[in-house]
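Yeah, the sequence shown ends on 665 if you go by my numbering, and it's all consecutive. Backbone N, C-alpha and C define an ideal beta-carbon position, used for all residues, glycine too. Fair warning: this is a prediction, and the values are worked out from it, not measured in the lab.
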Amino acid sequence: MGFDTYFDVADRTLIDYRKQVGDLPRFVFDSSDVVIEGGSNAEPPESVELVTSVGRALTVLDEQGLGWNACVAAYRAVRDGGVAESLLIGMYIGESLSAKSKKTFKKVKREAEQRVEDEAKASAHEDLTALGQLLAASWLDDSVTKPLFLNQFQFGGMPEQSTGHISQVIFAAQKAGLDPLPPARAIETLGSLFREARLVAWPILMTVFLTHLPDDAPVSYSLSGGMDEFDIVDRASAQIFVDNWWSGTGEAVADYARNLGVLFGVLADYEGRLGPQYWFGQGIAALDHLEALNADRSASTNKQRGDALERLVEALFNAEGPDLLVAEKNFRTEEEEIDLVLRSNLPDPFWLAQKSPYWFVECKNWSSPVGVEELRVFESKIDDRRSTVRVGVFVSTQGFYGTAVDRLKTAQTKDIGLIYAITLEDIRGLLDRRQSLSDWLLNEGAMRVFGKGLKPEKD
């Protein structure tokens, strides 16, 4: 005769393990959460469970380094959304066409792409917040027999690779009055992560989900269904079984983490040993892609062209090795966004003298040159953080208007720091010569800072 073990959240079964005990629930409990009811030295207990609350489970996750901020950072590093974006563009086009709009298909398509592009500006925090709200609302609704995405875990299963759950999240978001791309992008990313590294994806999902449930909602893992098969014949054997489960799952999780760490360590070391030539090659490929997009701007979105430029610039910085690292991409606050944040460990005395452990990078792949207003905004971003940021790099594929060129040297007179201006022609030369960006900045780039060597575009 078989047995089941149940992992319940807010009085609803999330996972029903058939003929096995699971390791995933281990993340949300503390060893003190074991509850053995009844039984004696001669009789088996009535029940064997781990029992906690949502609030305490979140505390345990946080203590393991798996709290909200850590999960947002991990998600940001792997975030994807290509499938969700494609689904939404098609959906928005369909909505416009079904409304019998008199607009041309090209205009309808562009408007749909713009809607998706606007929604894509949401931060990683906003993605996971929207997803958590939808998951929790679906879970707490007793009329929903198959809660959003979470029903994928019944019987210990993992999410299937399909667009179905992405579409479900899109419809749920629209019904809730939310922009659908952020949560759809989050579920697409987590779905992919589950297939690659479930013990990474699971705690992220649980943190996102539990954060939006009531703190006092119960969380439990019942082992009672398997007492006969587990040879639990008295309270002592029940405690031994739970202790063995606790240590065994802990070792399994630790082994998985070590193996995953070794794998990524090998990949990171391999990539590092490839050195600058690898990244110059990546830069050349990125430049080809960027120029193809720019050749027919009507065939791509602003976001696609902007992302292409950022990938190109990132490859140039990666060619510097550990001395100049990309610390953050698309760093956002409530007031502004910074395309790239770099952490500088450059050993040259010139860079040390700048006292700028971080650099800001702005990338503009516009159809026209950059003017003075954009430089003023960039200056303000640096000036607001002058204690740690004294170097800025402004990349414009179409160059700079004369007013912007004149403005470059004023950053020094205002004691803001150094702002370097780079064009696509400059980048093409760097890749052709395999010249490091930091070397170029110390020479040709420095002349730009001093107000020479940059041909202005006509205003």
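CB-CB length for residue i against residue j, believed under 8 Å
| i | j | result |
| --- | --- | --- |
| residue 237 | residue 441 | Not really, about 17 Å apart at Cβ, beyond 8 Å. |
| residue 196 | residue 323 | Residue 196 falls outside the range modelled here, since the chain spans only 207 to 665, and no answer is possible. |
| residue 668 | residue 217 | For the chain, the structure presents residues 207 to 665; residue 668 sits outside this window and is missing. |
| residue 492 | residue 521 | 5 Å |
| residue 242 | residue 257 | The pair is not a contact, with the Cβ atoms about 11 Å apart (cut-off 8 Å). |
| residue 577 | residue 596 | The pair is not a contact, with the Cβ atoms about 24 Å apart (cut-off 8 Å). |
| residue 299 | residue 315 | 6 Å |
| residue 552 | residue 589 | The pair is not a contact, with the Cβ atoms about 22 Å apart (cut-off 8 Å). |
One or two residues paired with residue i in a DSSP bridge
| i | result |
| --- | --- |
| residue 569 | 601 |
| residue 240 | 256 |
| residue 627 | 600 |
| residue 211 | 223 |
| residue 426 | 214, 257 |
| residue 564 | 549, 595 |
| residue 532 | 548 |
| residue 537 | 544 |
| residue 663 | 607 |
| residue 576 | 606 |
Rounded C-alpha distance that separates residue i from residue j
| i | j | result |
| --- | --- | --- |
| residue 455 | residue 446 | 14 Å |
| residue 476 | residue 399 | For residue 476, the predicted structure reports a pLDDT of 48, less than 50, and the residue's modelled location is therefore unreliable. A value from the coordinates is still provided. Cα to Cα, residue 476 sits roughly 22 Å from residue 399. |
| residue 438 | residue 377 | 47 Å |
| residue 260 | residue 494 | 50 Å |
| residue 539 | residue 587 | 11 Å |
| residue 628 | residue 661 | 11 Å |
| residue 523 | residue 487 | 13 Å |
| residue 209 | residue 444 | 16 Å |
| residue 652 | residue 561 | 17 Å |
| residue 207 | residue 295 | Note that residue 207 has pLDDT 40, beneath the 50 cutoff, so the model's placement of it is unreliable and the number below is only indicative. Each residue's Cα considered, the two are about 51 Å apart. |
| residue 436 | residue 422 | 31 Å |
| residue 594 | residue 585 | 14 Å |
| residue 402 | residue 336 | 23 Å |
| residue 346 | residue 460 | 33 Å |
| residue 288 | residue 394 | 9 Å |
| residue 503 | residue 511 | 8 Å |
| residue 497 | residue 519 | 14 Å |
| residue 370 | residue 275 | 28 Å |
| residue 473 | residue 286 | Summary for residue 473: the model assigns pLDDT 47, below 50, so the residue's position carries little reliability, and this model does not support an answer. |
| residue 305 | residue 349 | 32 Å |
| residue 448 | residue 266 | 18 Å |
| residue 655 | residue 303 | 51 Å |
| residue 664 | residue 542 | 28 Å |
| residue 355 | residue 341 | 7 Å |
| residue 373 | residue 641 | 46 Å |
| residue 531 | residue 630 | 21 Å |
| residue 280 | residue 244 | 43 Å |
| residue 363 | residue 223 | 9 Å |
| residue 321 | residue 483 | 39 Å |
| residue 645 | residue 592 | 24 Å |
| residue 451 | residue 550 | 46 Å |
| residue 382 | residue 343 | 10 Å |
Selected residue, minimal CA-CA separation from residue i, among the options
| i | options | result |
| --- | --- | --- |
| residue 312 | 532, 649, 433, 505 | 505 |
| residue 263 | 409, 589, 578, 279 | 409 |
| residue 453 | 556, 659, 228, 216 | 228 |
| residue 580 | 373, 614, 643 | 614 |
| residue 215 | 358, 412, 498, 522 | 412 |
| residue 432 | 653, 251, 647 | 251 |
| residue 221 | 359, 306, 255 | 359 |
| residue 557 | 314, 525, 647 | 647 |
| residue 632 | 664, 599, 623 | 599 |
| residue 150 | 309, 649, 230, 595 | It is not possible to answer for residue 150, since the shown part of the chain is limited to 207 through 665. |
| residue 513 | 213, 525, 499 | 499 |
| residue 361 | 309, 663, 226, 292 | 226 |
| residue 426 | 659, 656, 213, 592 | 213 |
| residue 643 | 626, 407, 249, 656 | 626 |
| residue 379 | 665, 531, 339 | 339 |
| residue 516 | 489, 501, 291, 527 | 489 |
| residue 326 | 291, 542, 269, 373 | 291 |
| residue 249 | 285, 370, 354, 434 | 434 |
| residue 282 | 297, 559, 536, 306 | 536 |
| residue 658 | 616, 645, 665 | 616 |
| residue 278 | 396, 352, 319, 621 | 396 |
| residue 406 | 273, 583, 219, 239 | 273 |
Practice item. Please determine if the region 402-418 and the region 223-243 are in contact, where contact requires at least 3 C-beta pairs separated by less than 8 Å. Key: The answer is yes - the region 223-243 touches the region 402-418, with three or more Cβ pairs under 8 Å.
Point to revise | Inter-stretch contact (C-beta, 8 Å, three-pair minimum) for the region 380-391 and the region 332-339 | key: Output reads yes: the region 332-339 touches the region 380-391.
Exercise for review: Please confirm if the region 566-583 is in contact with the region 540-549, defined as three or more CB-CB distances below 8 Å between the two stretches.
Suggested key: Three or more beta-carbon pairs drawn from the region 566-583 and the region 540-549 are found closer than 8 Å, and the two stretches are therefore classed as touching.
**Study point:** Touching by the beta-carbon criterion (3+ pairs, under 8 Å), the region 567-585 and the region 597-609
**Key:** With a cut-off of 8 Å on Cβ pairs, the region 567-585 is in contact with the region 597-609, counting three or more such pairs.
Check your understanding: Does the count of Cβ pairs from the region 628-638 and the region 607-615 closer than 8 Å reach three?
Key -> Two segments are said to touch when three or more pairs of C-beta atoms, one from each, lie closer than 8 Å; by this definition the region 628-638 does not touch the region 607-615.
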